[in-house]
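Encoded as structure tokens, the structure appears first; notes follow it.
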Amino acid sequence: MQHLVAPSLLSANFLQLEKDIQMVNRSQADMFHVDVMDGHFVPNISFGFSIIKQIKSVAEKPLDVHLMISEPDKYLQDFKEAGADWLSVHYETCQHLHRTIQQIRKLGMKPGVVVNPHNPVDLLQDILPDVDFVLLMSVNPGFGGQHFINNAFGRIAKLNKMRKERNPELLIEVDGGVDTSNAARLVHAGADILVAGSAVFKSDDPEKTISTLKKPT
Ligand code: DX5
Ligand code: ZN
7 MQHLVAPSLL SANFLQLEKD IQMVNRSQAD MFHVDVMDGH FVPNISFGFS IIKQIKSVAE
67 KPLDVHLMIS EPDKYLQDFK EAGADWLSVH YETCQHLHRT IQQIRKLGMK PGVVVNPHNP
127 VDLLQDILPD VDFVLLMSVN PGFGGQHFIN NAFGRIAKLN KMRKERNPEL LIEVDGGVDT
187 SNAARLVHAG ADILVAGSAV FKSDDPEKTI STLKKPT
């Protein structure tokens with residue numbers, strides 16, 4: 007399958023958010039990546055439900071909501087109501103991950119699990135059949151514009167092998183430091199979804215950068 011591109015609105019210009027959303031609507035991007043941070047699980051605070059609802063009212067593509075929050079179970083229903091289509095939770099935040107994933111699916115969203123760069127992908131072995139996607143962090147979560155951590159290539163390749171046996175439908179998403187220089191190699195390693203924040207929104211021509219990420223060389 008052709009890989010997907012999900013621009014991360016964390017790097018958009020919040021004073022002209024609608025304009026940036028319309029750019030993504032027009033572009034070849036496949037969905038919106040929406041980063042939710044609570045200042046507890048990660049050392050930064052981003053945005054909550056009311057902004058997501060407003061994003062949803064203008065977005066013409068699915069919302070891929072990445073939760074970087076402690077105790078995500080408390081808010082799953084609220085994210086559904088705010089407009090999340092895909093919802094991912096960090097492995098590191100869930101005591102009962104299987105239950106959380108089941109709940110996300112029951113609410114009608116695509117469930118995903120996220121792992122930080124230091125956590126081995128082997129930890130996901132027994133949850134792979136239950137999730138629609140795995141989001142591999144290629145930076146430590148919390149901020150846009152950080153340097154890509156190189157171990158992501160090997161991690162993607164390993165997960166790519168694991169899914170063949172455990173869940174061939176599983177999608178692999180990669181997030182953090184993705185740009186036009188590493189996109190081709192990430193797709194080649196097995197990534198199906200590229201998240202890119204600063205590479206898109208800080209570029210001179212964001213729409214063109216999205217096209218390049220769709221067809222990286
Ligand atoms: C980081 C977030 C990312 C962030 C990526 O914690 O999960 O989605 O927006 O930003 P870039 O692409 O600038 O690294
Ligand atoms: Zn993210």
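Numbers 7 to 223, taken from the numbering used here, label the letters of the sequence shown in order.
Even for Gly, the Cβ is constructed at its ideal location relative to N, Cα and C.
Model, not experiment: these values are computed from the prediction.
Give a yes or no on whether the C-beta atoms belonging to residue i and residue j are separated by under 8 Å.
i: D181; j: V206; result: no
i: L130; j: V119; result: yes
i: S217; j: Q34; result: yes
i: I75; j: T99; result: yes
i: P49; j: G160; result: no
i: G196; j: L177; result: no
i: D198; j: L10; result: yes
i: A88; j: F139; result: no
i: P126; j: W92; result: no
i: P212; j: V193; result: no
i: I57; j: V71; result: no
By the 10 Å Cβ neighbour count, where 16 or more other Cβ atoms means buried, how is residue i classified, buried or exposed?
i: G183; result: buried
i: E179; result: buried
i: T215; result: buried
i: S187; result: exposed
i: S14; result: buried
i: F20; result: exposed
i: S94; result: buried
i: R169; result: buried
i: G203; result: buried
i: G114; result: exposed
i: D210; result: exposed
i: P117; result: buried
Measure from the alpha carbon of residue i to the alpha carbon of each residue in the options, then state which is nearest.
i: L16; options: S187, V48, H39, M74; result: H39
i: A18; options: D44, H9, F53; result: F53
i: H96; options: V137, K67, V64; result: V137
i: R191; options: K167, A158, W92; result: A158
i: R105; options: D128, E77, V127; result: E77
i: D36; options: E175, I58, Q8, V48; result: Q8
i: S154; options: P123, L10, K167; result: Note that residue 154 corresponds to Phe in the displayed sequence, not to Ser. Among P123, L10, K167, the Cα nearest to that of F154 is on P123.
i: A163; options: L142, G148, G151, E175; result: L142
i: D226; options: P126, Q109, H102; result: Absent from the structure is residue 226, since the part of the chain shown begins at 7 and ends at 223.
i: A90; options: V42, R172, G196, P49; result: V42
i: Q60; options: H46, L177, D44, E24; result: E24
i: H46; options: L73, E171, N31, K208; result: L73
i: R172; options: N156, D211, D128, I51; result: D128
i: E66; options: P174, S209, A12, K167; result: A12
i: A189; options: I107, K208, L219; result: L219
i: D79; options: E175, I57, K62, K112; result: K112
i: R32; options: P135, N156, V64, K208; result: V64
Is residue i near ligand 3, in the sense that its beta carbon is under 7 Å from a heavy atom of that ligand?
i: P49; result: Only ligand 1 and ligand 2 can be found as ligands here, which leaves ligand 3 out of the picture.
**Item:** Runs of alpha helix (DSSP H) lying entirely within the segment 57–114, each at least 4 residues, in chain order
**Value:** Complete alpha helix (DSSP H) runs here, min 4: 82–88, 103–112.
**Prompt:** In chain order, what are the residues with a CB under 6 Å from some non-hydrogen atom of ligand 2?
**Reply:** Every residue passing the under-6 Å Cβ criterion appears here: S14, H39, D41, H72, D181, V201.
**Item:** Complete alpha helix (DSSP H) runs within the segment 138–210 (minimum length 4 residues, chain order)
**Value:** Restricted to the segment 138–210, the alpha helix (DSSP H) segments that are unbroken, complete and at least 4 residues in length are 157–172, 189–195, 204–207, listed in chain order.
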